[in-house]
Structure formats: C-alpha cells, structure tokens
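**Student:** Residue 37 in my numbering sits at position 14 of the sequence shown, and the numbers go up by one each step.
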Amino acid sequence: MTKENHGPYEFLGSMVVNLMNIDKSISYSFLEDELHISGRDVSAMRQGKDLHVYQYVRVISCIMDEIHLEILLNALLKELKNVFAAHCDLVIGTIPHRLYGNGQPAEWVVVMRWDGVGV
C-alpha cells in the first residue's frame, strides 16, 4: 500500500487510540468481548493497519457508546452541504462546559457532544 492510501487508516487508528485512552476500562479484552473480534485486530487498528473500514466503525462506535460521546451526523452532514455550496471552510472548535453554561457563539452548530451534558 502506498503512503497516500495509508492516510485514512492512520487517522482511524489514531482515533481508536485516542478514544481508548479516554477510559481505562476500554481495553483489548473489553473490545474482544463486546465485538467478538481478536486482540490481534484491535492491535492492528491501534496501529492504523489496513483492515476493513467496517471494523474501525464498529470499534469507534462501541467506544463512543461506552464513553457517552455522540456525533450528530445529521447536523454534520447539513453543515458539510452548506460548506460545499458556499465554498467556505468548516471550522471545528471546542467549548468548555462550566457550571453556569458555556460561551458558545450563536452561529455555531454542535456536531459532537457528550451525552448528558447540556449545551
């Protein structure tokens, strides 16, 4: 596989590693039990190896469910359509949650959020 084609798998591997690092209970054995995949495949995903994208989706989805992080795909798709139509940039930002709310600008659209945390 050429370096150019390996990029998406490296990204997915990095995503798996970062999501697994959020909660120590998300281990190889947890993913093996939950998804019935081998530890070898989990290891390969962490390294960004060329596996079926479906396997990455299953692992990422499982981890996100476990840590209560959700991607609002309909909102993301709507914003992507707007960006493509208007030929402008899509900017991803983070907003810290505070006891009294957050400082989110009115024109921002939330496309990813923690379950149970008000926006």
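We put the CB at the ideal spot given by N, CA and C, even for glycine.
Distance check for M43 and I86, CA to CA, integer angstroms please.
**Tutor:** So the alpha carbons of these two residues sit roughly 7 Å apart.
**Student:** G71 to A109, Cα distance in whole Å?
**Tutor:** Taking the straight line joining both Cα atoms gives about 33 Å.
**Student:** So for I94, helix, strand or coil by DSSP?
**Tutor:** Looking at I94 - three-state DSSP - the assignment turns out to be strand.
**Student:** Between E102, V39 and G139, which lies nearest to W131 when the distance is taken from Cα to Cα?
**Tutor:** The option with the nearest alpha carbon to W131 is E102.
**Student:** Which whole-angstrom value is the C-beta distance of L95 and M135, which I expect to be below 8 Å?
**Tutor:** Yes, L95 and M135 are in contact; Cβ-Cβ is about 7 Å, under 8 Å.
**Student:** Go through its chain and collect everything with a Cβ distance to L35's Cβ below 6 Å, but skip five positions before and after it.
**Tutor:** Contacts found: Y79.
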